[in-house]
Amino acid sequence: MSIFVAKLDFGVDNAQLRALFETYGKVNKATVALDKETGKSRGFGFVEMDNEQEGQAAIDGLDGRVINGRNIAVKKAEDRGDQRNQPKRFDGAPRSNAGTPSETTRPISDFGSSEPYIPPIIPIIDNRKKVVPKDKERKSDSEIDRSKKPKMDAYKKSGKKDKYLDDDDDLDVEGGLFSFDDDDE
879 MSIFVAKLDF GVDNAQLRAL FETYGKVNKA TVALDKETGK SRGFGFVEMD NEQEGQAAID
939 GLDGRVINGR NIAVKKAEDR GDQRNQPKRF DGAPRSNAGT PSETTRPISD FGSSEPYIPP
999 IIPIIDNRKK VVPKDKERKS DSEIDRSKKP KMDAYKKSGK KDKYLDDDDD LDVEGGLFSF
1059 DDDDE
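In my numbering, the protein residues as written are 879 to 1063.
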């Protein structure tokens, strides 16, 4: 008989699990599931017992018992079927349940055909009000001032007036670089 043990303390190892169940009968195998990457306990395990009656006695005696400060859950392990003989699938598709009736097929109707049944999709509507603290309340559009300031020219920002001249400035520049005065000759 195969027994599933859950909610184990993460410090429990195979030998301790075996010793726990040996008080109820002969244990063929006791295994604590380990994480493949870290090697640490995953908090559950399996025990193989020789006799059905001894296995049931262990389930009755240990289910809900406190071991290392934790209430363990002990039950008969579900039959895995012939999953061990099936090749591993890496395509992400669910395993097929060939030969078992599916939830998505209707029984054969009076018309003689079995058609797939697709359950209706029921939308989930969240009508709960979201509570926002007073200091985080959002201002309404009328309270927000969205007017933009006019852009300033670069020379106005720098404070250097009259450094740059526009075309419409009427300043007389005398003695410039390209002045053509006839007085110099």
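Just so you know, even glycine gets a beta-carbon here, dropped at the ideal spot from N, CA and C.
Boundaries of the beta strand (DSSP E) in which residue i is found, first to last residue
i: R920; result: 919-927
i: L895; result: Counting along the chain, L895 falls outside any beta strand (DSSP E), though it belongs to the alpha helix (DSSP H) covering 892-900.
Which residues DSSP lists as bridging residue i, in chain order
i: R948; result: I945
Residue i, DSSP secondary structure in three states
i: A908; result: strand
i: A884; result: strand
i: K914; result: coil
i: D957; result: coil
Residue i, enclosing alpha helix (DSSP H) - first and last residue
i: D938; result: 930-940
Beta-carbon separation (whole angstroms), residue i vs residue j, contact threshold 8 angstroms
i: D928; j: K904; result: 4 angstroms
i: T879; j: K954; result: First, the residue type needs correcting, since residue 879 is Met and not Thr in the sequence shown. The Cβ separation is near 7 angstroms, so the contact holds.
Taking contact to mean at least 3 C-beta pairs separated by less than 8 angstroms, is the stretch 917-924 in contact with the stretch 881-889? By the Cβ test, the stretch 917-924 is in contact with the stretch 881-889, since at least three Cβ pairs between them sit closer than 8 angstroms.
Decide yes or no for the touch test of the stretch 939-954 against the stretch 906-913: beta carbon pairs closer than 8 angstroms, at least 3 of them. Verdict: no, contact absent.
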